[in-house]
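A.B. asks: In order, the protein sequence lines correspond to chains Y and A. The first sequence: position 209 = 209 (UniProt numbering), numbered continuously. The second sequence: position 492 = 492 (UniProt numbering), numbered continuously. Every residue, glycine too, gets a C-beta built ideally from N, C-alpha and C. Because the structure is a prediction, the values reported are computed rather than measured. Before I ask anything, let me first share the structure, which is written out below as structure tokens.
Protein chains: 2
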Amino acid sequence: MSTTKQQQQPLGPSSWTTRRDEKHSRMQKVESLLKGKVLPTEQIVNALELLIRPGDRVVLEGNNQKQASFLSAALVQVDPEKVNQLHMIMSSISRPDHLDIFEKKIASKLDFSYSGSQSLRMSQMIEDNSIEIGSIHTYLELYGRLFIDLIPNVVLVAADKADRQGNLYTGANTEETPTIIEAAAFRNGIVIVQVNELVDEVPRIDIPGAWVDLVVESDRPYQLEALFTRDPRQIKETHILMGMMAIKGIYAKHNVQSLNHGIGFNTAAIELLLPTYGESLGLRGKICKHWALNPHPTLIPAIESGWIESIHSFGGEVGMEKYTAARPDVFFTGPDGSMRSNRALCQVAGQYAVDMFIGSTLQIDPEGNSSTVTSGRLSGFGGAPNMGHDPHGRRHDTEAWLNMMNGDGPLVRGKKLVVQMVETFQNGERPTFVDSLDAIHVGQEAHLPIAPVMIYGEDVTHVVTEEGIAYLYKAQNIEERKLALAAVAGVTPLGQAHDASLNERLISDGLIAFPEQLDIRRTDARRSLLAAKSVEELVEWSSGLYNPPSKFRSW
Amino acid sequence: MSTTKQQQQPLGPSSWTTRRDEKHSRMQKVESLLKGKVLPTEQIVNALELLIRPGDRVVLEGNNQKQASFLSAALVQVDPEKVNQLHMIMSSISRPDHLDIFEKKIASKLDFSYSGSQSLRMSQMIEDNSIEIGSIHTYLELYGRLFIDLIPNVVLVAADKADRQGNLYTGANTEETPTIIEAAAFRNGIVIVQVNELVDEVPRIDIPGAWVDLVVESDRPYQLEALFTRDPRQIKETHILMGMMAIKGIYAKHNVQSLNHGIGFNTAAIELLLPTYGESLGLRGKICKHWALNPHPTLIPAIESGWIESIHSFGGEVGMEKYTAARPDVFFTGPDGSMRSNRALCQVAGQYAVDMFIGSTLQIDPEGNSSTVTSGRLSGFGGAPNMGHDPHGRRHDTEAWLNMMNGDGPLVRGKKLVVQMVETFQNGERPTFVDSLDAIHVGQEAHLPIAPVMIYGEDVTHVVTEEGIAYLYKAQNIEERKLALAAVAGVTPLGQAHDASLNERLISDGLIAFPEQLDIRRTDARRSLLAAKSVEELVEWSSGLYNPPSKFRSW
Numbered sequence: 001m002s003t004t005k006q007q008q009q010p011l012g013p014s015s016w017t018t019r020r021d022e023k024h025s026r027m028q029k030v031e032s033l034l035k036g037k038v039l040p041t042e043q044i045v046n047a048l049e050l051l052i053r054p055g056d057r058v059v060l061e062g063n064n065q066k067q068a069s070f071l072s073a074a075l076v077q078v079d080p081e082k083v084n085q086l087h088m089i090m091s092s093i094s095r096p097d098h099l100d101i102f103e104k105k106i107a108s109k110l111d112f113s114y115s116g117s118q119s120l121r122m123s124q125m126i127e128d129n130s131i132e133i134g135s136i137h138t139y140l141e142l143y144g145r146l147f148i149d150l151i152p153n154v155v156l157v158a159a160d161k162a163d164r165q166g167n168l169y170t171g172a173n174t175e176e177t178p179t180i181i182e183a184a185a186f187r188n189g190i191v192i193v194q195v196n197e198l199v200d201e202v203p204r205i206d207i208p209g210a211w212v213d214l215v216v217e218s219d220r221p222y223q224l225e226a227l228f229t230r231d232p233r234q235i236k237e238t239h240i241l242m243g244m245m246a247i248k249g250i251y252a253k254h255n256v257q258s259l260n261h262g263i264g265f266n267t268a269a270i271e272l273l274l275p276t277y278g279e280s281l282g283l284r285g286k287i288c289k290h291w292a293l294n295p296h297p298t299l300i301p302a303i304e305s306g307w308i309e310s311i312h313s314f315g316g317e318v319g320m321e322k323y324t325a326a327r328p329d330v331f332f333t334g335p336d337g338s339m340r341s342n343r344a345l346c347q348v349a350g351q352y353a354v355d356m357f358i359g360s361t362l363q364i365d366p367e368g369n370s371s372t373v374t375s376g377r378l379s380g381f382g383g384a385p386n387m388g389h390d391p392h393g394r395r396h397d398t399e400a401w402l403n404m405m406n407g408d409g410p411l412v413r414g415k416k417l418v419v420q421m422v423e424t425f426q427n428g429e430r431p432t433f434v435d436s437l438d439a440i441h442v443g444q445e446a447h448l449p450i451a452p453v454m455i456y457g458e459d460v461t462h463v464v465t466e467e468g469i470a471y472l473y474k475a476q477n478i479e480e481r482k483l484a485l486a487a488v489a490g491v492t493p494l495g496q497a498h499d500a501s502l503n504e505r506l507i508s509d510g511l512i513a514f515p516e517q518l519d520i521r522r523t524d525a526r527r528s529l530l531a532a533k534s535v536e537e538l539v540e541w542s543s544g545l546y547n548p549p550s551k552f553r554s555w
Numbered sequence: 001m002s003t004t005k006q007q008q009q010p011l012g013p014s015s016w017t018t019r020r021d022e023k024h025s026r027m028q029k030v031e032s033l034l035k036g037k038v039l040p041t042e043q044i045v046n047a048l049e050l051l052i053r054p055g056d057r058v059v060l061e062g063n064n065q066k067q068a069s070f071l072s073a074a075l076v077q078v079d080p081e082k083v084n085q086l087h088m089i090m091s092s093i094s095r096p097d098h099l100d101i102f103e104k105k106i107a108s109k110l111d112f113s114y115s116g117s118q119s120l121r122m123s124q125m126i127e128d129n130s131i132e133i134g135s136i137h138t139y140l141e142l143y144g145r146l147f148i149d150l151i152p153n154v155v156l157v158a159a160d161k162a163d164r165q166g167n168l169y170t171g172a173n174t175e176e177t178p179t180i181i182e183a184a185a186f187r188n189g190i191v192i193v194q195v196n197e198l199v200d201e202v203p204r205i206d207i208p209g210a211w212v213d214l215v216v217e218s219d220r221p222y223q224l225e226a227l228f229t230r231d232p233r234q235i236k237e238t239h240i241l242m243g244m245m246a247i248k249g250i251y252a253k254h255n256v257q258s259l260n261h262g263i264g265f266n267t268a269a270i271e272l273l274l275p276t277y278g279e280s281l282g283l284r285g286k287i288c289k290h291w292a293l294n295p296h297p298t299l300i301p302a303i304e305s306g307w308i309e310s311i312h313s314f315g316g317e318v319g320m321e322k323y324t325a326a327r328p329d330v331f332f333t334g335p336d337g338s339m340r341s342n343r344a345l346c347q348v349a350g351q352y353a354v355d356m357f358i359g360s361t362l363q364i365d366p367e368g369n370s371s372t373v374t375s376g377r378l379s380g381f382g383g384a385p386n387m388g389h390d391p392h393g394r395r396h397d398t399e400a401w402l403n404m405m406n407g408d409g410p411l412v413r414g415k416k417l418v419v420q421m422v423e424t425f426q427n428g429e430r431p432t433f434v435d436s437l438d439a440i441h442v443g444q445e446a447h448l449p450i451a452p453v454m455i456y457g458e459d460v461t462h463v464v465t466e467e468g469i470a471y472l473y474k475a476q477n478i479e480e481r482k483l484a485l486a487a488v489a490g491v492t493p494l495g496q497a498h499d500a501s502l503n504e505r506l507i508s509d510g511l512i513a514f515p516e517q518l519d520i521r522r523t524d525a526r527r528s529l530l531a532a533k534s535v536e537e538l539v540e541w542s543s544g545l546y547n548p549p550s551k552f553r554s555w
């Protein structure tokens with residue numbers, strides 16, 4: 001025996017099983033309430049008070065779609081004398097009760113990714129010191145931290161069905177549930193699952209029952225938002241013009257095989273232009289074959305026309321259940337036939353395995369930095385920064401990636417296509433191109449250590465506006481990048497300050513292209529080019545398999 | 001009905017279930033061989049010939065540790081007249097039979113991550129055109145592609161135990177098995193699993209049986225390498241000196257809370273210095289609390305001394321099974337008590353959720369680019385580039401990350417610590433610092449579109465040699481980066497060309513530090529500082545729980 005060891009040994013902990021013992025002791029307290037793993041619905045508040053301790057790290061599932069709404073409503077009702085100082089970890093702050101937890105002093109600290117509809121109230125609560133922000137994350141880094149320094153004590157998640165052994169069926173909206181549960185189940189955390197329905201046998205097992213401690217049938221189905229449904233009726237001719245430019249001047253030019261689309265009307269327009277304008281260019285089977293995205297209804301015509309080989313999804317989409325189940329050659333589906341998604345793996349794929357990310361934003365500064373954080377709204381990040389950057393850890397090549405090479409030398413490498421697609425004015429009023437991002441001021445007000453920038457200019461390869469395309473990856477220096485951006489900034493102050501006499505050189509250097517250079521007539525950008533002009537037509541394309549939520553029905 | 005739809009409709013495929021139908025038809029051919037999901041051991045070659053078709057994409061599990069060795073040996077024996085032109089996807093080429101598959105013309109194309117011990121033969125086969133390389137990847141991007149453009153037809157994986165319903169127990173070496181299976185099971189691919197043992201009930205369910213099509217008991221346990229075991233006897237005083245510099249000049253200086261260590265002797269030295277030298281600096285409980293790494297035996301003394309709060313692992317380590325099971329407060333363990341790893345999630349955490357990556361390399365060029373690819377050896381990447389770069393998608397902050405800020409302005413952000421730790425000469429002979437990386441030439445020979453660089457200079461924040469530390473993140477431009485590097489390059493040609501009169505300025509600018517600046521005496525770097533000096537002492541520290549493989553036993 002070394003003397004070193006004898007000196008050091010007493011420093012170590014006296015027990016190595018504190019987490020396991022703690023879990024065991026808490027579970028014993030609810031044992032009398034349970035039948036196997038099943039908790040009666042009306043006992044949930046009582047059970048949460050027995051299972052959660054002050055200061056716990058608690059993950060509450062709130063994707064941008066699926067919400068553990070029964071459990072969040074129950075958490076608001078616990079006695080703050082018994083349960084307080086919680087450190088909440090939530091990928092999305094989407095419901096009023098998510099913030100009520102803090103106002104009622106049940107929780108004090110928050111690590112999150114996205115706050116969407118609650119961003120205004122969140123900003124106010126930060127100002128009032130009623131909420132302490134740890135950090136704002138992308139989804140993937142938040143998931144990573146669940147295994148490093150944000151390991152949870154308790155997780156509250158949602159699934160469609162469970163059997164009495166706790167085996168879970170998530171259906172199409174698998175989303176982040178398996179990742180959250182894995183972080184707790186394998187570290188002696190407590191896994192509490194609300195399910196829409198208890199059944200004798202689940203249609204398929206998405207998560208094994210042994211990973212789950214407690215299931216509870218919710219009083220109503222979990223909240224699920226139709227976040228990725230865009231009504232074609234709202235697609236304007238500006239979107240169509242920009243879509244045509246993107247298809248010809250980016251997708252076809254760089255031979256983009258695999259990509260992610262966000263939820264904007266710009267990309268919805270592209271989806272609906274592929275079977276018409278794209279077809280007329282002879283691009284079917286040549287571009288846009290592999291996708292990382294949710295089952296967008298606006299992609300139905302392209303799928304039905306044979307454009308799409310595969311789609312892997314972060315989550316599902318309300319109303320697309322029957323359609324995706326009927327297209328297993330395209331979507332990931334389980335042995336039971338229904339879709340399966342996986343937010344963590346799709347974010348990995350969206351970061352590392354696709355040629356292109358294309359998204360929209362609210363503000364862009366002269367160097368191409370952008371953010372959706374505007375005055376008073378701390379909306380967070382979601383998944384965009386993860387997919388909207390050039391991953392330096394990527395080592396495999398594709399034609400599109402190699403196309404972004406700029407410069408000489410033996411170590412030059414390719415780059416991911418990161419495209420921003422914006423109108424020069426938001427709602428025809430506020431300029432998208434600004435001298436300085438609001439995010440800087442908002443970050444300072446919220447005492448964030450760095451400004452909440454969504455995508456940094458150095459990562460952006462293209463910007464598309466209704467004026468034209470800036471090929472930023474071709475810029476040899478920051479001055480060229482600024483010039484190319486200003487050239488497509490229209491009549492915003494940035495655009496008006498631009499010296500148009502430089503455009504000829506910028507065009508010949510390949511730094512910008514207007515519709516004329518792309519051989520596109522502005523007058524050709526008509527709504528008649530859309531493969532579907534309404535939700536009703538999407539339903540027709542799907543042969544009745546797509547079942548849109550009632551708010552999208554007008555017939 | 002829109003006319004557009006009527007025009008487009010005929011373009012779509014006539015069936016949307018070709019993959020499901022194909023799987024069904026192949027599975028029918030082996031039905032008579034199976035008892036439930038169980039295939040008799042001796043039928044494996046026959047079954048593979050019936051289940052795999054020419055041109056299939058086949059994933060063969062070969063982590064850097066666990067190998068589906070029974071299945072790879074069987075695949076070599078199939079008739080190339082029946083099964084050929086396979087496109088193999090393998091994270092690691094580790095066994096001779098992995099390349100025999102190509103020599104026997106069963107497979108033709110390969111996408112992979114790491115080739116380790118087979119790198120020499122691989123290079124020769126590429127030269128002989130007996131293998132076509134798709135791309136070389138990091139692990140995580142290869143996993144991502146399994147859901148995008150490398151979706152598999154058949155996967156061949158390994159687990160410890162299965163029951164007759166196909167439920168799998170992987171034990172500590174869960175590794176990449178769940179990720180590979182998910183890509184196939186939810187896309188009508190065929191999942192074939194070799195198991196060491198068929199049992200009536202598995203200790204825990206790591207992968208649900210419904211995701212598995214066929215299990216076969218292997219003739220012997222799967223191959224498992226003790227890749228992360230470093231014998232403290234081989235740690236030299238140079239390693240110890242460098243370790244002391246790293247602890248004081250990097251870990252403590254930047255307050256590193258979370259990190260990854262690779263398999264080198266340099267980092268093994270650091271692990272063994274924490275409970276001695278680190279303790280003397282009062283650093284316990286202050287740094288190195290959260291880890292993304294395999295259960296390194298050399299970390300046992302630090303764990304036992306109370307340094308480590310959590311470890312999430314890519315895989316397991318031979319001999320560490322009982323130890324990890326007895327330390328559930330530190331390691332991720334399942335409801336059954338044994339460890340669980342997850343290579344994909346740990347790579348996500350290692351990329352996004354830790355303060356620091358520290359690794360070693362074989363060559364560094366004057367700008368800090370590095371590679372382990374040297375003449376004639378196309379060794380690939382593994383996970384290092386994924387963890388050894390600054391992820392631009394990261395938005396959360398930590399003290400260490402903010403410490404890397406360099407420059408002013410409202411949009412300045414932090415950076416991940418990426419540390420290279422190298423002796424100036426490899427084995428005392430070949431200089432580590434070179435004018436130009438061998439990787440450039442090797443890449444050209446193998447017709448790779450870009451040079452196989454492991455870590456790019458712009459991502460490296462620190463380089464540690466036996467001479468001192470270069471704080472590259474402080475460099476304002478590439479010239480300063482080159483000077484700082486040259487200053488620690490010793491008597492290599494690069495180091496000898498350096499003008500030592502500049503060092504005073506480099507020191508005062510914080511660009512370099514020698515042991516003197518860190519208040520470290522070279523003569524203090526003695527082996528007596530190691531908390532364990534042999535594998536035997538590691539076993540003692542573990543109270544006999546660590547059970548090293550026989551090749552590491554000398555007592």
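Ignore the nearest five residues each way along the sequence and tell me which others in A:ILE52's own chain have a CB closer than 6 Å to its CB.
C.D. replies: If you ignore the 5 residues before and after A:ILE52, its C-beta comes within less than 6 Å of the C-beta of VAL83 and VAL154, all in its own chain and listed in chain order.
A.B. asks: Can you check which of these residues, A:LYS416, A:MET421, A:GLU367 and A:ALA183, is closest to A:GLU479 by C-alpha distance?
C.D. replies: A:GLU367
A.B. asks: So with CB distances below 9 Å, who are the chain Y contacts of A:ASN342?
C.D. replies: PHE147, GLU182 and PHE186
A.B. asks: With distances taken Cα to Cα, identify the nearest neighbour of Y:ASP213 among Y:GLN28, Y:GLN476, Y:SER313 and Y:VAL419.
C.D. replies: Restricting attention to Y:GLN28, Y:GLN476, Y:SER313 and Y:VAL419, the CA atom closest to the CA of Y:ASP213 is found in Y:GLN28.
A.B. asks: Check this for me: beta carbons of Y:ASN369 and Y:VAL453, under 9 Å apart or not?
C.D. replies: Contact: yes.
A.B. asks: Which term fits A:ASP79, buried or exposed, when burial requires 16 or more other beta carbons within 10 angstroms of its beta carbon?
C.D. replies: Flag for A:ASP79 reads exposed.
A.B. asks: Check each candidate in A:ASP397, A:MET245, A:GLN426 and A:ASN427 and name the one with the smallest Cα separation from A:ARG413.
C.D. replies: Closest by alpha carbon: A:ASP397.
A.B. asks: Identify, in the order they occur along the chain, each residue of the same chain with its Cβ nearer than 8 Å to the Cβ of A:TRP541, setting aside the five sequence neighbours on each side.
C.D. replies: ILE300, PRO301, GLU304, ALA531 and ALA532
A.B. asks: Quick check on the DSSP output: the alpha helix (DSSP H) that includes A:HIS441 runs from which residue to which?
C.D. replies: Per DSSP, A:HIS441 belongs to the alpha helix (DSSP H) from 438-445.
A.B. asks: Relative to chain D, which residues along the stretch 130-155 of chain A have a C-beta separation below 9 Å, given in chain order?
C.D. replies: Structure shown: chain D not included; protein chains present are Y and A.
A.B. asks: In the DSSP output, what is A:MET90 paired with across the bridge?
C.D. replies: Under the DSSP definition of a beta bridge, A:MET90 partners with A:PHE112.
A.B. asks: Counting only C-beta atoms, is A:PHE552 closer than 9 Å to chain Y at any point?
C.D. replies: no
A.B. asks: With 8 Å as the C-beta to C-beta threshold (strictly closer), list the residues of the stretch 250-274 of chain Y near chain A in chain order.
C.D. replies: Cβ contacts with chain A: GLN257 and SER258.
A.B. asks: Does DSSP classify A:PHE265 as helix, strand or coil?
C.D. replies: helix
A.B. asks: Would you call the stretch 14-23 of chain A in contact with the stretch 32-46 of chain A, where contact means no fewer than 3 C-beta pairs closer than 8 Å?
C.D. replies: For the pair of segments examined, the stretch 14-23 of chain A was found not to touch the stretch 32-46 of chain A: the number of CB pairs separated by less than 8 Å stays below three.
A.B. asks: Quick check: is any heavy atom of the ligand ZN less than 8 Å from the C-beta of Y:SER508?
C.D. replies: Looking at this structure, you won't find the ligand ZN or any other ligand, since it has none at all.
A.B. asks: If you follow the beta strand (DSSP E) that Y:LYS23 is part of, which residue opens it and which one closes it?
C.D. replies: Y:LYS23 -> not in any beta strand (DSSP E); alpha helix (DSSP H) instead, spanning 18-30.
A.B. asks: With a 10 Å radius around its C-beta and 16 neighbouring C-beta atoms as the bar for buried, classify Y:PRO232 as buried or exposed.
C.D. replies: buried
A.B. asks: Mapping the DSSP letters down to three states, classify Y:TRP307 as helix, strand or coil.
C.D. replies: coil
A.B. asks: Can you tell me the Cα-Cα spacing of Y:ASP100 and Y:ALA497, whole angstroms?
C.D. replies: 47 Å
A.B. asks: In whole angstroms, what separates the C-alpha of A:THR4 from that of Y:LYS416?
C.D. replies: Caution is warranted here: a pLDDT of 48 is assigned to A:THR4, below 50, making its placement in the model unreliable, and the coordinate value is therefore given only provisionally. Straight-line Cα distance between these residues: approximately 34 Å.
A.B. asks: Report the option in Y:TYR169, Y:THR41, Y:PRO335 and Y:GLN67 whose CA atom is closest to the CA atom of Y:PRO208.
C.D. replies: Y:TYR169
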